[in-house]
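Asker: Numbering (our numbering), first residue to last: 95 to 423. Every residue, glycine too, gets a C-beta built ideally from N, C-alpha and C. Here the structure is a predicted model, which means the values were calculated and not measured.
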Amino acid sequence: MKKAMQVRIGYVAMSTVIKNASPSRTMTYKQFEKLGDIEAGYRRLERIAEENLHNTLRLLKHNRMHDIHLYRMSSKLIPLATHQSLQDWDPFPYLKPAFSAIGDYANQAGMRLSFHPDHFTVFSTPREEVLRHSIRDLTHHVRMLDAMGLDDRAKNNIHIGGAYGDKATAGARFIHQFSKLDPTLKRRVTLENDDKTFNAVETLQISEKLRLPMVLDIHHQWVNNEGERPQDLWPRIHATWREEHVVLPPKIHVSSPKNDKDLRGHADYVQVEPLLNFLRAIAPITTHLDVMIEAKMKDDALFKLMDDLKQYTNDGVTIKDQASVEIEG
DNA sequence: ACCTGTCAAGTCTGG
DNA sequence: CCAGACTTGACAGGT
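1) Nearest-angstrom Cα distance between residue 146 and residue 190?
2) Whole alpha helix (DSSP H) runs in the segment 239 to 269 with 4 or more residues, listed along the chain?
3) With distances taken from CA atoms, which of 207, 187, 186 and 246 is nearest residue 164?
4) Just verifying my parser: in three-state terms, what is the DSSP assignment at residue 135?
5) Considering only residues of the same chain and omitting the five flanking positions on each side of residue 204, which have a CB-CB separation below 7 Å?
6) In the structure shown, what three-state DSSP assignment does residue 392 receive?
7) Among the residues of its own chain, which have a CB less than 8 Å from the CB of residue 285, if the five just before and after it don't count?
8) I'd like to check one pair, residue 385 with residue 62: are the Cβ atoms closer than 8 Å?
9) For residue 412, which residues does DSSP report across the bridge?
10) Starting from the N-terminal side, write out each stretch of the alpha helix (DSSP H) that is 4 residues or longer and does not extend beyond the segment 178 to 218.
11) Can you have a look at residue 270 and say buried or exposed, based on whether 16 or more other CB atoms are within 10 angstroms of its CB?
12) Which partner residues of residue 106 appear in the DSSP bridge assignment?
13) To the nearest angstrom, how far is the alpha carbon of residue 407 from that of residue 237?
14) Can you tell me where the alpha helix (DSSP H) holding residue 370 begins and where it ends?
15) By alpha-carbon positions, which one of 153, 329, 174 and 229 ends up nearest to residue 166?
16) Check whether the segment 319 to 335 touches the segment 358 to 369, counting contact only when three or more Cβ pairs, one atom from each stretch, lie closer than 8 Å.
17) Taking 8 Å as the cut-off, decide whether the C-beta atoms of residue 342 and residue 335 are in contact.
18) What does DSSP give as the partner residues of residue 351 in its beta bridges?
19) Of the choices 135, 117, 178 and 174, whose alpha-carbon is the least far from that of residue 149?
20) When the Cα of residue 108 is compared with those of 267, 182 and 394, which residue comes out closest?
21) Evaluate residue 378 with the Cβ neighbour count: other Cβ atoms within 10 Å of its Cβ, from every protein chain shown; 16 or more gives buried, anything less gives exposed.
22) Tell me, to the nearest whole angstrom, how far the beta carbon of residue 268 is from that of residue 217; I am working on the premise that it is less than 8 Å.
23) By a C-beta neighbour count over all protein chains shown, 10 Å radius and 16 as the cutoff for buried, is residue 127 buried or exposed?
24) With DSSP collapsed to three states, give me the class of residue 401.
25) Does the separation of the CB atoms of residue 143 and residue 171 fall below 8 Å?
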């Protein structure tokens with residue numbers, strides 16, 4: 095009997111299919127100031143956040159309708175949440191029911207949810223102030239996951255950060271500064287290789303040292319590598335997920351180059367063949383895999399990819415449902 | 001309805 | 001040392 099790898103596919107933040115369902119509506123600090131009334135400003139921000147959370151729930155329902163069990167939420171659910179001048183504001187009491195509704199729905203549907211704090215969360219920074227802001231941002235993301243009632247399988251995916259002219263020192267500083275974080279934060283983190291600075295080999299070393307699961311971005315690995323093939327790193331990357339106290343399939347990110355001039359930019363859709371080649375290479379040693387699509391066309395790119403995969407059904411690919419496939423090694 | 005500039009946060013590069 | 005590039009979705013303000 096041939097081994098087959100179960101692959102689930104997901105997408106990020108917003109839908110290009112469902113209209114008027116942005117989970118990232120915001121308000122600028124300038125507008126907040128212009129209101130003059132701080133309390134009124136807080137209430138308006140809370141309403142916007144409530145709407146973002148409501149739209150997130152709408153997206154989850156859309157996902158369930160299309161068998162999508164993998165979804166990364168917007169980091170901008172609460173506008174100005176970590177803004178320096180709004181430290182006295184606590185929007186969570188008001189938003190608790192809306193957060194719970196999301197978590198309850200996801201838990202019931204068996205969905206895997208995550209965040210990706212943006213690249214301002216940098217634990218390799220030499221600046222004390224930036225480190226403080228990074229901790230604040232990560233804490234905020236963990237608090238949102240907690241408010242949803244999601245267990246530690248729901249992660250915050252981050253990059254290592256800048257090199258500051260000396261990558262080895264920056265990497266060591268990341269390890270040092272990350273190690274000092276509260277365990278409740280550390281448990282919620284995965285590390286991802288980036289497309290400019292910390293490549294897959296370097297990120298993997300740090301993941302192993304800190305015992306953190308590593309998310310392999312195969313597009314980043316393609317533009318930032320040491321000559322290795324991604325499948326050659328896979329046994330070790332796969333192993334970083336085995337230390338999880340809960341069973342969690344390894345996750346990878348996939349996107350395709352925007353064009354010949356801009357290889358790092360993300361295209362509207364995902365090319366099926368490079369992805370399929372990688373999936374076939376790791377299928378013999380992997381039982382489950384989650385694939386996050388990072389394409390401009392979001393869920394539409396997911397549907398297109400599933401459609402493209404259909405032409406390989408006589409070639410080791412079995413379509414299981416609208417968002418998952420089985421790949422033979 | 002559509003277009004252009006701005007926002008928010010960091011790092012990095014060029015002058 | 002400082003201005004600008006980079007990135008992203010959405011706001012803000014203009015036509």
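Answerer: Taking the structure as given:
1) In a straight line, the C-alpha of residue 146 is about 13 Å away from that of residue 190.
2) none
3) Taking only the C-alpha atoms, the option nearest residue 164 is 207.
4) helix
5) 163
6) Helix, per DSSP.
7) Contacts found: 251, 252, 253, 254, 297, 300, 301, 304, 306, 307, 308 and 309.
8) Examination of residue 62 is not possible in this model, given that the chain is present from 95 through 423 alone.
9) Its beta-bridge partners are 420.
10) 186 to 203
11) Classification of residue 270: exposed, given that the 10 Å Cβ count is below 16.
12) 166
13) 43 Å
14) 366 to 376
15) 153
16) no
17) Going by C-beta atoms, residue 342 is nearer than 8 Å to residue 335.
18) 360
19) When each option's Cα is compared against that of residue 149, the closest is 117.
20) 394
21) exposed
22) 5 Å
23) exposed
24) helix
25) yes
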